[in-house]
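Everything below concerns the one structure shown next.
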Amino acid sequence: MKYKNLFIDLDDTLWDIHQNGKECLEEIYSDYGYNRFYPTFDDYYNVYMPSNHHLWNLYRLGEIRKEELIVERFLVPVRKFGINDPGYAKSLSDDFLERTTRKTKLIDGTLDLLDYLRPKYRMHIL
238 MKYKNLFIDL DDTLWDIHQN GKECLEEIYS DYGYNRFYPT FDDYYNVYMP SNHHLWNLYR
298 LGEIRKEELI VERFLVPVRK FGINDPGYAK SLSDDFLERT TRKTKLIDGT LDLLDYLRPK
358 YRMHIL
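In structure tokens form, the structure reads like this:
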């Protein structure tokens, strides 16, 4: 049997979710004045990322709902500074996700791979 269609996951197969997400977080750090909480972006990022990974793991295990994940991942880094507003965190999450739609960093080799596959298969990006 010859394959005619390929289904390819976008995140971390073609699109560099980690680098694109990091760029968005750096923009948020700057635009929201998070230097008042963390002296450098790396300081903020080093708090955000472990917490974000932990929350995603809880979500995968079914221990929290996606709505909680979306809010908590942006509240955890600022809660110790007195910010505990779920509406603020949801707005920040929406802003973050909107920014990701403008990021274009691809995994190395993506364009070569797509050029190779294009004439042979019908591709579907998931």
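The sequence shown runs 238 to 363 under the numbering used here.
Glycine residues also receive a C-beta, built at the ideal position from the N, C-alpha and C atoms.
So if DSSP puts Arg359 in a beta bridge, which residue, or which two residues, is it bridged to?
Here residue 359 refers to the residue found at position 122 when the sequence shown is read from its first residue. The partner list for Arg359 (beta bridge, DSSP) reads Asn242.
So for Asp248, helix, strand or coil by DSSP?
Against the sequence shown, residue 248 aligns to sequence position 11. Asp248 falls in the strand class under three-state DSSP.
Spatial neighbours of Lys241 within its chain, please: C-beta separation below 8 Å, excluding the five flanking residues on both sides.
Taking the first residue of the sequence shown as position 1, residue 241 is located at position 4. Correct list, in chain order: Tyr358 and Arg359.
Return the Cβ separation of Arg310 and Leu292 in integer angstroms, given the expectation that the two are a contact with Cβ distance under 8 Å.
Position 73 of the sequence shown, counted from the first residue, corresponds to residue 310. Position 55 of the sequence shown, counted from the first residue, corresponds to residue 292. Confirmed, Cβ separation roughly 5 Å.
Once the 5 residues before and after Gln210 are set aside, which same chain residues still bring their CB inside 6 Å of it?
Examination of residue 210 is not possible in this model, given that the chain is present from 238 through 363 alone.
Which of the three DSSP states is assigned to Leu298 in this structure?
Translated into positions along the sequence shown, residue 298 becomes position 61. Coil at Leu298, not helix or strand.
Who are the near neighbours of Phe244 in its chain, counting only those whose CB is closer than 7 Å to its CB and skipping five residues on each side?
As a position in the sequence shown, residue 244 is number 7, starting the count at 1. Excluding positions up to five away in sequence, the list reads His361 and Leu363.
With distance defined between alpha-carbon atoms, name the residue in Leu354, Arg302 and Lys317 nearest to Val284.
In the sequence shown, counting from the first residue as 1, residue 284 sits at position 47. The shortest C-alpha separation from Val284 is found at Lys317.
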